[in-house]
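Asks: Pasting a structure below so you can have a look.
Number of protein chains: 2
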Amino acid sequence: MDNKSLTTGGFTLPGEAGYEELTLQLAKKWGADVIRDSDGTRLSEAITTSGYEIYSTLCLIRADNEWAKAHPDKVQQCCIMSQPVVAGSDGVTIDLLNGYFWKQFRINSDDDPHEWWQVFDRTTGEEIATKDWTYDPAVGVVEIVNARKWHLYTVNFFCYRIWEEISMYNHVTNDWGDREHLMPIDPIHPEAQERILAYLETWLDEHPNTSVVRLTSMFYNFWWFWGEHPKRRFVVNDWGSYEFTVSPPAIRKFEEKNGYRMKSEDFVNAGLYNTSYKVPSAKYRDWMDFINAFVADFGRKCVDLIHARGKKAFVFYNDHWIGLEPWGDRFKDIGLDGIIDGIFSGFETRKVSGTKHVQVRELRLHPYLFPTGVNGAPSFLEGGNPTLECKTYWIDIRRALLREPVDRMGFGGYLHLVCNHPDFIDYIEHLAQEFRMLRSLHDGDSPYTADLEVAILTAWGQMRAWGCCGHYNRGNYYNEVMESISGLPVRVRFISFEDILAGGIPAGIQVVINAGTVDDAWSGGEYWANPKIIEAISGLVNSGGGFIGVGEPSALRHGCQYFQLAQLLGVDREVGLTRAFNRFQFDLAENPQFILEDLESDPDFGADAGNIYVLDQKTQVLAAMGRSPMITFKNFGEGRTVYLSGHKYTPENVRLLHRAIFFAARAEERFGTWLPSNVRTEAAYYPGHRKLVVVNNSPELQKTDISLPGGTSIHVDVEGYGCRILEV
Amino acid sequence: MDNKSLTTGGFTLPGEAGYEELTLQLAKKWGADVIRDSDGTRLSEAITTSGYEIYSTLCLIRADNEWAKAHPDKVQQCCIMSQPVVAGSDGVTIDLLNGYFWKQFRINSDDDPHEWWQVFDRTTGEEIATKDWTYDPAVGVVEIVNARKWHLYTVNFFCYRIWEEISMYNHVTNDWGDREHLMPIDPIHPEAQERILAYLETWLDEHPNTSVVRLTSMFYNFWWFWGEHPKRRFVVNDWGSYEFTVSPPAIRKFEEKNGYRMKSEDFVNAGLYNTSYKVPSAKYRDWMDFINAFVADFGRKCVDLIHARGKKAFVFYNDHWIGLEPWGDRFKDIGLDGIIDGIFSGFETRKVSGTKHVQVRELRLHPYLFPTGVNGAPSFLEGGNPTLECKTYWIDIRRALLREPVDRMGFGGYLHLVCNHPDFIDYIEHLAQEFRMLRSLHDGDSPYTADLEVAILTAWGQMRAWGCCGHYNRGNYYNEVMESISGLPVRVRFISFEDILAGGIPAGIQVVINAGTVDDAWSGGEYWANPKIIEAISGLVNSGGGFIGVGEPSALRHGCQYFQLAQLLGVDREVGLTRAFNRFQFDLAENPQFILEDLESDPDFGADAGNIYVLDQKTQVLAAMGRSPMITFKNFGEGRTVYLSGHKYTPENVRLLHRAIFFAARAEERFGTWLPSNVRTEAAYYPGHRKLVVVNNSPELQKTDISLPGGTSIHVDVEGYGCRILEV
């Protein structure tokens, strides 16, 4: 740790042509070493030659709109299910794009609708024979004959996406008026690949001062259908779904490789599509694998060009990230130098900090320097408070950074927007210094971490480690747990049901957590009908491991229970058909309980699963809401299970989860090292540096005692949002 | 109406030997015309010859315990699923009665277990081959070999029921010590039939003063498994289930008649059994029909004997009522003269008052004269307040009696318990007079009822009209709606999905209500996948009818929606897999809305379905909880739908439902006749008598204005719990 590194470096500033003075002034104040452009801004030569490293954003698939316009059939596509229409007679007219934003889509009838589309009677679930429907391209309408009155009909159809979504979002958000709509071209076409590579060559020629090509991102955006009605501006928005990779050409290539053809309904799934919430089918996993292989392969070609010019290639872990899968096996093959993500929270921080096979991991913090935040906050508008916004995100990010560092931080957007917010300008200077200080603690050192490995079990597993459906998933049990655990001093990994089926529970795992809602990908859905899963987890717990279920763990309507691990958990959930059953009347466990020790009041999980009941006296109930237990545990064999009827990321619940993990692992005796007495504070100890970091996750001053090895403790006062570093 | 009938008659008093003076004194004070005995009490000759009509209780199947003891294989049975056991190795030992009350059951191994029982691996759902399990009758244990470790195993086995449940309940509740346990004999055996008829003949000889034989009831009790552990005294309790009719002999007879054999699993259904909440399968409906035919047939033989002695036969619509189905087609064939039910509420009142083919309908009110009520209330114990208990039940019963009368009321139990409650004695005198007064209003007259027919659609239909799972089902959408509607001035009927499949929606119905939870019998479960149901209801609404959905109406995971009538309702419910979807952002409808007009505050439905979203702008939202609509409507064709996210029986919600019915029927203009302004009061007008009854359903004095035809209104003050009768 040298002092210089604490005031300068690891900071990416968004520059802005026309604001050269501001750019350089803030670059100095904030200790930037890199200046970047953003979507909507550009850098002038005064900036690019100012001696700073330059990141230049480049979105290859929307970079050459002339080519896109000249090749309308090479534009990216997707498959859409029309909004359901009720048959009022034996003829039904379906206006395909009704409800969808017509500026986003152009119906694709280049690929024969009768070959590629499917029409369904959703009331019966039957597909309508092609002879019974026709498409009229003049009006974008499907006419169905021989319909059954009052049945519901939908059409799965293919569309070109004629306005690249991120560009559309920025355009609309910032009122770009008649600026041309950019279109995304699809590199699945060899002609598009050729064009992208040629464009990249030229672009590299034209950007001699660029040190890092900041790819935003690779080729396929996350799924984002927009709506026509102002009251439904967005129809669906899923950070993890591959819907925007789907097109007849891609399906043909998939068929060549995999030997079978995906149908439109494999993607549409009666309107559920393949969201992150849905347990991925085997076919869909094949599709993802196919796209991932393609992205890695063509991505490598782009990166090689960049490297050939002596520049580095960083990728944005967002926007067009689909197919990249940075936690997957092929990511290393692409050869990227760095990864950057725009994040709000601890779990997203861990997603970046844990990415392997890159030299640089960078966080782009929020608020983005746009008038309005992506969460709708009036960040830099009248009434906005960007400093407070930033602080509230930072306390969640910081606790994750205490566990695992990243290399850089930065911002994006229109720099000039900060001018009216001098407190923001000062705060970012402070934040950047704190960031560098925390980063420096990881130099040649690692924070104290309990010798305890926790696995979060989902249908996605490591592929979507520290990911969910997007930025905001509050109230989702899995996401809340992930956020809480992102700052805990335990080892965390993500495993999938397929992992267990392939090789059992990986060695070393002491506690498995399953947190979700029935049928969702986080809980696991149909996987719970597979005896191998039951056997593996029962075996783990029986031999001394722990299992923590949150919300509806192992839930499935199957067999004689709803929680398929009810026999381990000792609780189950009543979901409507067993109300005639009387339930075991539990008493709250009498002895003070390890798990609850730091709770100041009754536990509050926010959304509570409810209607939980205990099976018998072997289940200990620690807390309940009326007659529905909230926190229970049960000994099973040599191990233990804990059930939590919900989880909400709050200081008290973070501690509760921390304790529950140790309790489930029967590791209570090992609990408490470097633990603050005050749950609004957290601590991390770096033994190599002999430094103890104590952070305050609240706006108010907090007094706290940190337990030291040997049984003593040290008292610290930490100001609101503050961070204290002590030599111990 | 003559005055005498207002002070005497229509009242059944429970007499008690040893308290002759009290019996006759209260008979006079309360205006009784009948004295009865109860389970646990008997009448002395001083009472039976006192000039009052005498009801004598008789439970034929537990009447002759000597015969039962001599014929242990003729005792009633049931099929039980053992509590699930986890295999810790490849051998599993299942103690069959573990968790169940051993005094209630004796395992039946007279009928070969390997022929009749079934053992399941509930983890895989597979049945275990008989070669892999053995039963040891010495210890009541099944041993399974070749088990799969960590799988869950259960045994379906048959038991004799060696302690008749109602008798057991009374025995335990009243501490009857070493009084002999009575056993229920099964009339499915011809020998038992013979014995019952012979016993009845003798009994009739021995009861010359008895005018009415009060059968308690026929042959089979509702389902009631007791538990071993004091914390789970009852395992399950379902007023409507046929589980206690099940035995190998009955299954053999069923097979002779129906040509196929029911298996144990047809009854056990992986531990769900066939509760009232479960949509009845075709097989189970066959079974009910078989038992119903048997009960009607043998019941007729018993009734004929009673009639032959010039006595009347009344039946208790509870306890051993299974197979009787008073709302079914065969009930008339039995020839019963009267029906009596112990009730707490309005819906139960309508169940009795609407029973056809009997001359006398009688309510047995609560509290029962037992120290403790069946709801656990300390009725006549220290701390009990039987007067208040009775009042709170009475206001719910009374509003139903305003719509449809019964002939009699009464009490049961130990009369002497009232001695310490002089206020109760006075209150019952008052209540009996009020009862007679209200009854008299129906003489030659009917209350004003709107020309509007409402059908409640469930999987049970008319067979279980005004019935649910038992007395207490608070929080159950269907039950709450039924309770509210039991006092409304509209015509109500109950229809089943099978009715619709057989003949469409019966003519005359203007509004259909579906209130329930996904997969339950009240909502309809799999029936909603049947297009004929969708077609019928869509057609009704399209041509001007109304549909009201409450909670999870038409819910099923099927097709492209969760509510299968989402296209009519304009709302659907998010249940976990579509969280990535953005929803139409509704505003609350601006104009004052007919449905909400009498609400004094925000609607409160108690349990709210939650996670409701509107499909588009065609749905009008009248009230919402956060972003989840609570009350919506939508025009569809000529008709209209209303969605309510829950319902709780409260004065405000009764009015809300009342208005919703008229609104759905587009009959707003006809609304308001004889309507009180104050929702805590209700009114009924009897045009023949020109009498207007205004009741106060609250403990406090209420001021209210009743709208009269012609647009005027009349003001009335009604004391708490009170009733005013006005000449209009």
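As they're listed, the protein sequences go chains Y and F.
Note that the numbering used here gives residue 287 to position 287 of the first sequence, counting from 1, and the numbers run on in steps of one.
Note that the numbering used here gives residue 1242 to position 514 of the second sequence, counting from 1, and the numbers run on in steps of one.
Where a beta carbon is used, it is the ideal one built from N, C-alpha and C, also for glycine.
What's the C-alpha gap between Ser-1107(F) and His-1094(F)?
Replies: Position 379 of the second sequence holds residue 1107(F). Position 366 of the second sequence holds residue 1094(F). Using only the alpha carbons, I get a separation of about 9 Å.
Asks: Just to confirm, are Val-139(Y) and Ile-128(Y) a CB contact at a threshold of 8 Å?
Replies: Position 139 of the first sequence, counting from 1, holds the residue named residue 139(Y). Position 128 of the first sequence, counting from 1, holds the residue named residue 128(Y). The answer is no: Cβ separation not under 8 Å.
Asks: Which term fits Lys-1084(F), buried or exposed, when burial requires 16 or more other beta carbons within 10 angstroms of its beta carbon?
Replies: Numbered from 1 along the second sequence, position 356 holds the residue referred to as residue 1084(F). Lys-1084(F) comes out exposed.
Asks: From His-1386(F) to Gly-551(Y), what does the alpha carbon distance come to, in whole angstroms?
Replies: Here the question's residue 1386(F) lines up with position 658 in the second sequence. Here the question's residue 551(Y) lines up with position 551 in the first sequence. Taking the straight line joining both Cα atoms gives about 37 Å.
Asks: Excluding the five sequence neighbours on either side, which residues of its own chain have a C-beta within less than 7 Å of the C-beta of Cys-159(Y), listed in chain order?
Replies: Walking along the first sequence from the start, residue 159(Y) turns up at place 159. So the qualifying residues of the chain are Gln-77, Cys-78, Ile-80, Phe-105, Arg-106, Ile-107, Asn-108.
Asks: Taking the alpha-carbon positions, what's the Lys-1011(F) to Phe-982(F) distance?
Replies: Within the second sequence, the letter at position 283 stands for residue 1011(F). Within the second sequence, the letter at position 254 stands for residue 982(F). Cα to Cα, Lys-1011(F) sits roughly 11 Å from Phe-982(F).
Asks: Please state the DSSP three-state secondary structure of Trp-758(F).
Replies: Counted from its first residue, the second sequence places residue 758(F) at position 30. Residue state, collapsed to three classes: coil.
Asks: From Gly-1253(F) to Gly-1287(F), what does the alpha carbon distance come to, in whole angstroms?
Replies: Start at 1 with the first residue of the second sequence, and residue 1253(F) comes out as number 525. Start at 1 with the first residue of the second sequence, and residue 1287(F) comes out as number 559. Near 14 Å, if we compare the C-alpha coordinates of Gly-1287(F) and Gly-1253(F).
Asks: List, in chain order, every chain Y residue whose beta-carbon is nearer than 7 Å to that of Gly-743(F).
Replies: Here residue 743(F) is taken as the residue at index 15 of the second sequence, counted from 1. Under the 7 Å cutoff, chain Y gives no residues; its nearest Cβ is about 34 Å from Gly-743(F).
Asks: Sorted by chain position, which residues of the same chain lie with C-beta nearer than 8 Å to Lys-532(Y)'s C-beta, five sequence neighbours on each side aside?
Replies: Translated into positions along the first sequence, residue 532(Y) becomes position 532. These residues qualify, in order along the chain: Ile-500, Leu-501.
Asks: On the DSSP bridge list, what partners appear for Met-625(Y)?
Replies: As a working mapping, residue 625(Y) is identified with position 625 in the first sequence. Bridge partners of Met-625(Y): Ser-628(Y).
Asks: On the DSSP bridge assignment, give the partners of Gln-1458(F) in chain order.
Replies: What is shown of chain F runs 729 to 1456, which leaves residue 1458(F) out entirely.
Asks: I believe Asn-697(Y) touches Arg-399(Y) by the beta-carbon criterion, under 8 Å. Please report the beta-carbon distance rounded to the nearest angstrom.
Replies: Stepping through the first sequence from its first residue, residue 697(Y) is reached at position 697. Stepping through the first sequence from its first residue, residue 399(Y) is reached at position 399. Yes, Asn-697(Y) and Arg-399(Y) are in contact; Cβ-Cβ is about 7 Å, under 8 Å.
Asks: So, helix, strand or coil for Trp-133(Y), using DSSP?
Replies: Along the first sequence, one-based indexing puts residue 133(Y) at 133. Three-state DSSP puts Trp-133(Y) in a strand.
Asks: Would you call Leu-134(Y) buried or exposed, if buried means 16 or more other Cβ atoms sit within 10 Å of its Cβ?
Replies: Your numbering for residue 134(Y) matches position 134 in the first sequence. For the sequence presented, residue 134(Y) should be read as Thr rather than Leu. Per the 10 Å Cβ criterion, exposed.
Asks: Could one say the Cβ of Leu-560(Y) lies closer than 8 Å to chain F's Cβ atoms, at least one of them?
Replies: Counted from its first residue, the first sequence places residue 560(Y) at position 560. It should be pointed out that residue 560(Y) corresponds to Cys in this sequence rather than to Leu. For Cys-560(Y), the answer is yes, since a Cβ of chain F falls inside 8 Å of its Cβ.
Asks: Using 8 Å as the limit for Cβ to Cβ distance, is Pro-326(Y) near chain F?
Replies: As a first step, residue 326(Y) is located in the first sequence; it is residue number 326 there, counting from the start. Pro-326(Y) does not count as touching chain F.
Asks: Tell me which residues of the region 70–101 of chain Y have at least one Cβ-Cβ distance to chain F shorter than 9 Å, keeping chain order.
Replies: Listed in sequence order: Met-81, Gln-83, Pro-84, Val-85, Val-86, Gly-88, Gly-99.
Asks: Run down chain F in chain order and give the residues with a C-beta less than 8 Å from the C-beta of Gln-585(Y).
Replies: The count along the first sequence starts at 1 and reaches residue 585(Y) at position 585. Near Gln-585(Y) (Cβ distances below 8 Å), the residues of chain F are Lys-959, Arg-960.
Asks: In angstroms, rounded to a whole number, what distance separates the CA positions of Glu-180(Y) and Trp-67(Y)?
Replies: If you number the first sequence from 1, residue 180(Y) lands on position 180. If you number the first sequence from 1, residue 67(Y) lands on position 67. Rounded to the nearest angstrom, the two C-alpha atoms are 14 Å apart.
Asks: Quick one: list the residues of chain Y neighbouring Glu-1263(F), beta-carbon separation under 7 Å, in chain order.
Replies: In the second sequence, the residue the question calls residue 1263(F) occupies position 535. Correct list: Lys-149, Trp-150.
Asks: What's the gap between the Cα of Met-262(Y) and the Cα of Trp-224(Y)?
Replies: Sequence index remark: in the first sequence, residue 262(Y) carries index 262 (1-based). Sequence index remark: in the first sequence, residue 224(Y) carries index 224 (1-based). For Met-262(Y) and Trp-224(Y), the distance between alpha carbons rounds to 21 Å.
Asks: Count the C-beta pairs between the region 1286–1301 of chain F and the region 1340–1348 of chain F that are closer than 8 Å, then say yes if the count reaches three, no if not.
Replies: Contact holds: three or more Cβ-Cβ distances are below 8 Å.
Asks: My understanding is that Gly-328(Y) touches Met-482(Y), with C-beta atoms under 8 Å, so please give their C-beta distance in whole angstroms.
Replies: Residue 328(Y) sits at position 328 when you count from the first residue of the first sequence. Residue 482(Y) sits at position 482 when you count from the first residue of the first sequence. Actually they are not in contact, since the Cβ atoms of Gly-328(Y) and Met-482(Y) sit about 19 Å apart, beyond 8 Å.
Asks: Is there a Cβ from chain Y that is less than 8 Å from the Cβ of Thr-882(F)?
Replies: For the purposes of this step, residue 882(F) is taken as the residue at position 154 of the second sequence. Yes - at least one Cβ of chain Y is within 8 Å of the one on Thr-882(F).
Asks: Would you verify that the beta carbon of Ser-645(Y) is, or is not, closer than 8 Å to some beta carbon of chain A?
Replies: Although the question refers to chain A, the structure presented lacks it and instead comprises the protein chains Y and F.
Asks: Figure out for me which residue from Ala-1393(F), Arg-1394(F), Ser-1251(F), Asn-1258(F) has the closest Cα to the Cα of Gly-125(Y).
Replies: Position 125 of the first sequence, counting from 1, holds the residue named residue 125(Y). The residue with the shortest Cα to Cα distance from Gly-125(Y) is Asn-1258(F).
Asks: Determine whether the Cβ of Val-518(Y) lies closer than 8 Å to any Cβ atom of chain F.
Replies: Along the first sequence, one-based indexing puts residue 518(Y) at 518. Judged by the 8 Å Cβ criterion, Val-518(Y) is in contact with chain F.
Asks: Rounded to the nearest angstrom, what separates Ala-664(Y) and Val-900(F) at their Cα positions?
Replies: Taking the first residue of the first sequence as 1, we reach residue 664(Y) at position 664. Taking the first residue of the second sequence as 1, we reach residue 900(F) at position 172. For Ala-664(Y) and Val-900(F), the distance between alpha carbons rounds to 41 Å.
Asks: Run the CB neighbour count on Arg-980(F), radius 10 Å, all protein chains shown included, and call it buried at 16 or more, exposed below.
Replies: Here residue 980(F) is taken as the residue at index 252 of the second sequence, counted from 1. By the neighbour-count rule (16 or more Cβ atoms within 10 Å), Arg-980(F) is not buried but exposed.
Asks: Do you know offhand how far Phe-1333(F)'s Cα is from Ser-1214(F)'s?
Replies: The count along the second sequence starts at 1 and reaches residue 1333(F) at position 605. The count along the second sequence starts at 1 and reaches residue 1214(F) at position 486. The alpha-carbon atoms of Phe-1333(F) and Ser-1214(F) are separated by roughly 18 Å.
Asks: Scan the region 225–255 of chain Y for residues whose Cβ lies nearer than 7 Å to a Cβ of chain F and list them as they occur along the chain.
Replies: So the list reads His-229, Lys-231, Arg-232, Phe-234, Val-235, Val-236, Asn-237, Asp-238, given in the order they occur along the chain.
Asks: Give me the chain Y residues within the contact set of Asn-1310(F), using Cβ-Cβ distance strictly less than 8 Å, ordered along the chain.
Replies: In the second sequence, the residue the question calls residue 1310(F) occupies position 582. Gly-227, Arg-232, Arg-233, Phe-234, Val-235, Val-236, Asn-237, listed in chain order.
Asks: Do Gly-1140(F) and Arg-1092(F) have their CB atoms nearer than 8 Å?
Replies: Translated into positions along the second sequence, residue 1140(F) becomes position 412. Translated into positions along the second sequence, residue 1092(F) becomes position 364. In this structure, Arg-1092(F) lies closer than 8 Å to Gly-1140(F) by Cβ.
Asks: Give me the Cα-Cα distance between Arg-42(Y) and Tyr-277(Y), rounded to the nearest whole angstrom.
Replies: Within the first sequence, numbered from 1, the residue matching residue 42(Y) stands at position 42. Within the first sequence, numbered from 1, the residue matching residue 277(Y) stands at position 277. Near 38 Å, if we compare the C-alpha coordinates of Tyr-277(Y) and Arg-42(Y).
Asks: If you check the beta carbons only, do Gly-819(F) and Met-1137(F) fall under 8 Å apart?
Replies: Translated into positions along the second sequence, residue 819(F) becomes position 91. Translated into positions along the second sequence, residue 1137(F) becomes position 409. No; because the gap between Cβ atoms is not below 8 Å, this pair is not in contact.
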